[in-house]
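Enquirer: This is the structure I have questions about; it appears just below.
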Amino acid sequence: MTTRPVLLFLLILVAARELPAQTPEQQLRQANQLYQQGKFPEAREAYGAILRSGQESPELLYNLGNACYKCGAIPAAILNYERARRLLPGDDDLRHNLQIAGMVITDRIEPAPRLFVWDYWDGIKNWFSLFGLTLTVYLFYALLAVMASAFFLARTYALRKIAFLAGCVTFVLFLFLLVVLIARLGDVTRMDEGIVMSQIVTVKNSPDAKSSDAFVLHGGVKVQLIDSVGGWSKVRIADGKVGWLEASAVEVI
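Numbering (our numbering), first residue to last: 12 to 264.
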């Protein structure tokens, strides 16, 4: 009599192992259906489960940000929008939703002025997606190899001159795009930016709970992480103010 429950249990285990696991596409489709049905907490959990499984894309982060926003979790929404923007900086919908989420947070921080050159540089870096920029660099590398081959194989001086000039132009463009690609990779992998996740946090003048207060921040504010000591992080906000807050209050983008 005691063997039947054991055999039944073993059969259930075997059957469970035989069941096909959901693919990431099926999981994403299910999460999207939950979102469309207005089940935003369930959709948020479903998107998060896909991320925790190792799948990541700007679209997934964007959808997770939308679900967090619908749940009223504004700091989490901004965090995922910012992560998505690193991978897809030129997306208008993403930029629009990030601006809307930024209007909901309490703090209104005016950024410190900077040279217009940096705005142009950011525009150049964000012109392509990371994949598109990488592909373009490879294409120019291949084109440079073609120009070099044409130069050495040309039988006339005129053809060699054309190949040389075209190769020079291609080489300059290749170097420029390579620099842009390296800068974009640096933006994607940087670990010195974070979002304040606590509803309200008091920033201190030194990494000590008994230190004097510097200023107060609310959830959703983007900060630059410039140092860390123990359980404290030194941050700089957009207007240039610097202070210390507990590391648990901020999450790296």
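The C-beta atom is built at its ideal place from N, Cα and C for all residues, glycine as well.
1) Near G59, which residues of its chain fall below 8 Å by C-beta distance, leaving aside the five closest residues on each side in sequence?
2) Quick one: residues in its chain with C-beta nearer than 6 Å to the C-beta of I111, no 5 flanking neighbours on either side, listed in chain order?
3) Assuming R247 is part of the alpha helix (DSSP H), what are its boundary residues?
4) So, with DSSP's three-state summary, where would you put S239?
5) Would you check if the region 225 to 233 and the region 115 to 130 touch, i.e. whether three or more CB-CB distances between them fall below 8 Å?
6) Compare the C-alpha of L105 against each of D224, L72, W132 and G83 and name the closest.
7) Near T145, what residues of its chain come up, given a Cβ to Cβ distance below 8 Å and the 5 sequence neighbours on each side ignored?
8) Can you list, in chain order, the residues of its chain with a C-beta nearer than 7 Å to that of A54? Leave out the 5 residues immediately preceding and following it.
9) Taking 8 Å as the limit between beta carbons, can you name the residues of its chain near L184, skipping five residues before and five after?
10) Assuming contact is defined by CB atoms lying nearer than 7 Å, are K136 and R195 in contact in what I supplied?
11) What are the residues that DSSP puts in a beta bridge with L132?
Expert: From the atom records:
1) If you number the sequence shown from 1, residue 59 lands on position 48. Taken in chain order, the residues that qualify are L75.
2) For this step, residue 111 is matched to residue 100 along the sequence shown. Result list for I111: empty, nothing under 6 Å.
3) The count along the sequence shown starts at 1 and reaches residue 247 at position 236. Counting along the chain, R247 falls outside any alpha helix (DSSP H), though it belongs to the beta strand (DSSP E) covering W243 to R247.
4) Your numbering for residue 239 matches position 228 in the sequence shown. In this structure, DSSP gives S239 an extended state, which the three-state scheme calls strand.
5) Per the Cβ contact rule, the region 115 to 130 is in contact with the region 225 to 233 (3 or more Cβ pairs under 8 Å).
6) Your numbering for residue 105 matches position 94 in the sequence shown. Closest option to L105, Cα to Cα, is L72.
7) Mapped onto the sequence shown, residue 145 falls at position 134. Within the same chain, T145 has close Cβ partners L192.
8) Along the sequence shown, read from residue 1 onward, the residue named residue 54 stands at position 43. Cβ neighbours of A54 beyond the five flanking positions: A42, L45, Y46 and A78.
9) Mapped onto the sequence shown, residue 184 falls at position 173. Around L184: F151.
10) If you number the sequence shown from 1, residue 136 lands on position 125. If you number the sequence shown from 1, residue 195 lands on position 184. Contact: yes.
11) Within the sequence shown, numbered from 1, the residue matching residue 132 stands at position 121. Note that residue 132 corresponds to Trp in the displayed sequence, not to Leu. Answer is none; W132 lacks a bridge partner.
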